[in-house]
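S.K.: The structure under discussion is supplied below as structure tokens; questions concerning it will follow.
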Amino acid sequence: MLLEKTLRSAADLAEAGLIAPARGADLDKVAARYAIAITPTSAGLIDPADPADPIARQFLPDLAELAEGADDLADPIGDGPHSPVPGIIHRYPDRVLLMLTHTCATYCRFCFRRETVGPSGGGNLSPAKLKGALAYIESDVGIWEVILSGGDPLILSPRRLGAVMAALGAIDHVKVVRLHSRVPAVEPDLITPGMVRTLKRSGKAVYVALHANHPRELTPAVRAACARLIDAGIPMLSQSVLLRGVNDDPEVLGDLMRAFVETRIKPYYLHQADLAPGTAHLRKSLEDGQAVVKAIRGHISGLCQPTYVLDIPGGYGKVPVGPTYLMTGADGQSVVVDPWGQPHRLPRSRNRPHLTRKSASPERVPNG
6 MLLEKTLRSA ADLAEAGLIA PARGADLDKV AARYAIAITP TSAGLIDPAD PADPIARQFL
66 PDLAELAEGA DDLADPIGDG PHSPVPGIIH RYPDRVLLML THTCATYCRF CFRRETVGPS
126 GGGNLSPAKL KGALAYIESD VGIWEVILSG GDPLILSPRR LGAVMAALGA IDHVKVVRLH
186 SRVPAVEPDL ITPGMVRTLK RSGKAVYVAL HANHPRELTP AVRAACARLI DAGIPMLSQS
246 VLLRGVNDDP EVLGDLMRAF VETRIKPYYL HQADLAPGTA HLRKSLEDGQ AVVKAIRGHI
306 SGLCQPTYVL DIPGGYGKVP VGPTYLMTGA DGQSVVVDPW GQPHRLPRSR NRPHLTRKSA
366 SPERVPNG
């Protein structure tokens, strides 16, 4: 079925043939709690005959979302304590998130901000709050980078987004503007020449980080949308979330990272799924994640290696949690494991600093 509208309810999903009509009443309960929106582009990738379809797992509501776990957190990465004014999240010294909207083109079932996005999330940042957020950025000369997030900043009109880009362009100490978005993957037609011109309006270094989790999402239309950005001089990075049944297989993860690189997108972050409410059925353990990441090392190009990261619950920041290759043997000597799992002892000379005459022990220093 060729869809012409975004699907926003269980009834829409049933009409599109993506769920059995009998499931509608149950999924209405999920929709009452967490927003549904699936663009025609995303819906067209779903195979309704496959109960384990990896695209469906990302976007179709599931009753499992109503089963909250003991570890689930409404604000899993601690945005609240780091928001000095509305629209700003300032967790790290040299960069801030500017949350322009709480709306997305497509709502992911694992979203860590699922309690604040959607129709009940407040829509776009009001003009007064936007003015206050920009004033905050202007007042702190330590802010080197502004990251436009939300919600999805690329669903905004070129006029509204262009005004923000121009305002950031007028702040001298802001040198980089980064946008985090799913739009090129879920609604590629929004990446028009006008939108590309809008993104370049600030005169700053502009980067776009694309969120995609499965290689099937990188369709020819999506790659063409990304090319419009890249050919205009806007570099692209990737961010993905490690998800059970979506990309937790080394072959699938490797294919995803290769698809990014083929599209001229540099793999950036592979996130450990956050402890958002109702997402336990999609999360993998850190140990499982490390094993998957380790399995692609040495088997696919170094260009294709993302950094596996964890946002420490509670707002304590993002840290790399990838596999470890260096260890210490029983005799104290360092041992390194190669990409194929074989251990190798490192020469002791590489483990200890070389002594020079100036750093030699006292008894070896010449008299006088």
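Numbering (the working numbering) for the sequence shown: 6 to 373.
A virtual CB, placed ideally from N, CA and C, is assigned to each residue, including glycine.
(1) Whole beta strand (DSSP E) runs in the region 216–269 with 3 or more residues, listed along the chain?
(2) Counting pairs of beta carbons, one from the region 67–86 and one from the region 42–50, are three or more of them closer than 8 Å?
(3) Helix, strand or coil for residue 108, going by three-state DSSP, please let me know.
(4) Determine the DSSP secondary structure at residue 292, reduced to helix, strand or coil.
(5) Which residues in the same chain have their Cβ closer than 6 Å to the Cβ of residue 286, if we skip the five residues on either side of it in sequence?
(6) Put residue 10 into one of helix, strand or coil per three-state DSSP.
(7) Identify the residues that DSSP records as bridge partners of residue 333: which are they?
(8) Let me confirm a value: residue 42 is counted as buried when at least 16 other C-beta atoms fall within 10 Å, else exposed. Which label applies?
(9) Could you check the C-alpha separation between residue 18 and residue 133 for me, to the nearest Å?
(10) Residue 212: which of 300, 344, 221 and 152 sits nearest, CA to CA?
(11) Looking at the unbroken alpha helix (DSSP H) that takes in residue 142, where does it start and where does it end?
(12) If distances are taken between C-alpha atoms only, which option among 14, 62, 190 and 199 comes closest to residue 248?
(13) Near residue 158, which residues of its chain fall below 7 Å by C-beta distance, leaving aside the five closest residues on each side in sequence?
(14) Let me make sure I understand the geometry here. Which of 75, 76, 23 and 77 has the alpha-carbon closest to that of residue 57?
(15) Around the Cβ of residue 334, are there at least 16 other Cβ atoms within 10 angstroms (buried) or fewer (exposed)?
(16) Residue 340 and residue 353 - do their beta-carbons sit closer together than 9 Å?
(17) In the DSSP assignment, the alpha helix (DSSP H) including residue 161 goes from what residue to what residue?
(18) Use the C-beta contact count for residue 162: other C-beta atoms within 10 angstroms, 16 or more gives buried, fewer gives exposed.
(19) Check whether the Cβ atoms of residue 304 and residue 346 sit closer than 9 Å, and answer yes or no.
(20) If we call anything under 9 Å between Cβ atoms a contact, is residue 139 one with residue 176?
(21) If you count every other CB in all the chains shown that lies within 10 Å of the CB of residue 111, and 16 or more means buried, which is it?
(22) Check this for me: beta carbons of residue 115 and residue 221, under 9 Å apart or not?
(23) Check residue 189 in the structure and name its three-state DSSP category.
(24) Assuming contact is defined by CB atoms lying nearer than 9 Å, are residue 312 and residue 328 in contact in what I supplied?
(25) For a test of the three-state rule: what should DSSP assign to residue 280, helix, strand or coil?
(26) CA-CA distance, residue 91 and residue 128?
(27) What's the gap between the Cα of residue 224 and the Cα of residue 216?
(28) Under DSSP, the beta strand (DSSP E) around residue 316 begins and ends at which residues?
(29) Which two residues bound the contiguous beta strand (DSSP E) that contains residue 323?
(30) May I have the straight-line CA-CA distance separating residue 269 from residue 235, to the nearest angstrom?
(31) Going by DSSP, what residues sit across from residue 320 in a beta bridge?
(32) Does the beta-carbon distance from residue 144 to residue 173 come in below 9 Å?
(33) Applying the criterion that 16 or more other CB atoms from any shown protein chain within 10 Å of the CB defines a buried residue, is residue 164 buried or exposed?
(34) What distance in whole Å lies between the Cβ atoms of residue 241 and residue 203, which are believed to be in contact at a cut-off of 8 Å?
(35) Would you mind giving the Cβ-Cβ distance between residue 227 and residue 190, rounded to the nearest angstrom? I have them listed as a contact below 8 Å.
(36) Within 10 angstroms of its Cβ, does residue 98 collect 16 or more other Cβ (buried), or is it exposed?
M.R.: The answer reads as follows:
(1) Whole beta strand (DSSP E) segments, 3+ residues: 241–247.
(2) No, the region 67–86 does not touch the region 42–50.
(3) Residue numbering aside, residue 108 sits at position 103 when the sequence shown is read from its first letter. Residue 108: coil per DSSP, three-state reduction.
(4) What you label residue 292 is simply residue 287 of the sequence shown in a count that begins at 1. Here DSSP, grouped into helix, strand and coil, assigns residue 292 to helix.
(5) Here residue 286 is taken as the residue at index 281 of the sequence shown, counted from 1. Spatial neighbours of residue 286 in its own chain (CB-CB distance under 6 Å, excluding positions within 5 residues in sequence) are listed in chain order as 69.
(6) Your numbering for residue 10 matches position 5 in the sequence shown. Residue state for residue 10 is assigned as coil, using DSSP reduced to three classes.
(7) Your numbering for residue 333 matches position 328 in the sequence shown. Residue 333 has 339 as its beta-bridge partners, per DSSP.
(8) Taking the sequence shown and counting its residues from 1, the one referred to as residue 42 is at position 37. Buried, since its Cβ has 16 or more Cβ neighbours within 10 Å.
(9) In the sequence shown, residue 18 corresponds to position 13, counting from 1. In the sequence shown, residue 133 corresponds to position 128, counting from 1. Using only the alpha carbons, I get a separation of about 37 Å.
(10) Translated into positions along the sequence shown, residue 212 becomes position 207. If we check each option's Cα against that of residue 212, 152 comes out closest.
(11) Position 137 of the sequence shown, counted from the first residue, corresponds to residue 142. Membership of residue 142 in the alpha helix (DSSP H) is indicated by the continuous run 132–144.
(12) If you number the sequence shown from 1, residue 248 lands on position 243. Of 14, 62, 190 and 199, the smallest CA-CA separation from residue 248 is found for 62.
(13) Within the sequence shown, residue 158 is the residue found at index 153, counting from 1. Hits under 7 Å: 105, 106, 166, 184 and 186.
(14) As a position in the sequence shown, residue 57 is number 52, starting the count at 1. Looking only at 75, 76, 23 and 77, the smallest Cα-Cα distance to residue 57 is reached by 23.
(15) Position 329 of the sequence shown, counted from the start, is the residue given in the question as residue 334. Around the C-beta of residue 334, fewer than 16 other C-beta atoms lie within 10 Å, and the residue is accordingly described as exposed.
(16) Position 348 of the sequence shown, counted from the first residue, corresponds to residue 353. Position 335 of the sequence shown, counted from the first residue, corresponds to residue 340. It is not a contact, given that the beta carbons lie outside the stated cut-off.
(17) Translated into the one-based positions of the sequence shown, residue 161 becomes position 156. Residue 161 -> no alpha helix (DSSP H), and no H or E assigned at all.
(18) To locate residue 162, count along the sequence shown from 1; it is residue 157. When all chains shown are included, residue 162 counts as exposed.
(19) Counting from one through the sequence shown, the residue named residue 304 turns up at place 299. Counting from one through the sequence shown, the residue named residue 346 turns up at place 341. With respect to the 9 Å criterion, residue 304 and residue 346 are not classified as neighbours on the basis of their beta carbons.
(20) Counting from 1 along the sequence shown, the entry for residue 139 is found at position 134. Counting from 1 along the sequence shown, the entry for residue 176 is found at position 171. Their beta carbons are under 9 Å apart, which means residue 139 touches residue 176 by this criterion.
(21) The residue you call residue 111 lines up with position 106 of the sequence shown. Burial state of residue 111 is buried, judged by a 10 Å Cβ sphere holding 16 or more other Cβ atoms.
(22) Against the sequence shown, residue 115 aligns to sequence position 110. Against the sequence shown, residue 221 aligns to sequence position 216. Judged by their CB atoms, residue 115 and residue 221 are not nearer to each other than the 9 Å cut-off.
(23) Within the sequence shown, the letter at position 184 stands for residue 189. It is helical.
(24) Here residue 312 is taken as the residue at index 307 of the sequence shown, counted from 1. Here residue 328 is taken as the residue at index 323 of the sequence shown, counted from 1. The Cβ atoms of residue 312 and residue 328 do not sit closer than 9 Å to each other.
(25) For this step, residue 280 is matched to residue 275 along the sequence shown. DSSP places residue 280 in coil when its eight states are reduced to three.
(26) On the sequence shown, position 86 is the one that residue 91 refers to. On the sequence shown, position 123 is the one that residue 128 refers to. Answer to the nearest angstrom: the Cα atoms are 13 Å apart.
(27) If you number the sequence shown from 1, residue 224 lands on position 219. If you number the sequence shown from 1, residue 216 lands on position 211. Distance from the CA atom of residue 224 to the CA atom of residue 216, rounded to whole angstroms, is 14 Å.
(28) Against the sequence shown, residue 316 aligns to sequence position 311. 312–316 is the span of the beta strand (DSSP E), which, as asked, contains residue 316.
(29) One-based indexing of the sequence shown puts residue 323 at position 318. Taken as a continuous stretch (DSSP letters only), the beta strand (DSSP E) holding residue 323 covers 323–325.
(30) The count along the sequence shown starts at 1 and reaches residue 269 at position 264. The count along the sequence shown starts at 1 and reaches residue 235 at position 230. Rounded to the nearest angstrom, the two C-alpha atoms are 8 Å apart.
(31) Locating residue 320 in the sequence shown gives position 315, counting from the first residue. According to DSSP, residue 320 bridges with nothing at all.
(32) Taking the first residue of the sequence shown as position 1, residue 144 is located at position 139. Taking the first residue of the sequence shown as position 1, residue 173 is located at position 168. Remark: C-beta atoms of residue 144 and residue 173 do not approach each other more closely than 9 Å.
(33) If you number the sequence shown from 1, residue 164 lands on position 159. Around the beta carbon of residue 164, fewer than 16 other beta carbons sit within 10 angstroms, so the residue counts as exposed.
(34) Residue 203 sits at position 198 when you count from the first residue of the sequence shown. Residue 241 sits at position 236 when you count from the first residue of the sequence shown. Contact flag wrong, Cβ pair sits at about 16 Å.
(35) Taking the sequence shown and counting its residues from 1, the one referred to as residue 227 is at position 222. Taking the sequence shown and counting its residues from 1, the one referred to as residue 190 is at position 185. Contact between residue 227 and residue 190 holds: their C-beta atoms lie close to 5 Å from each other, under 8 Å.
(36) Reading the sequence shown from its first residue, position 93 is the one you call residue 98. Classification for residue 98: exposed.
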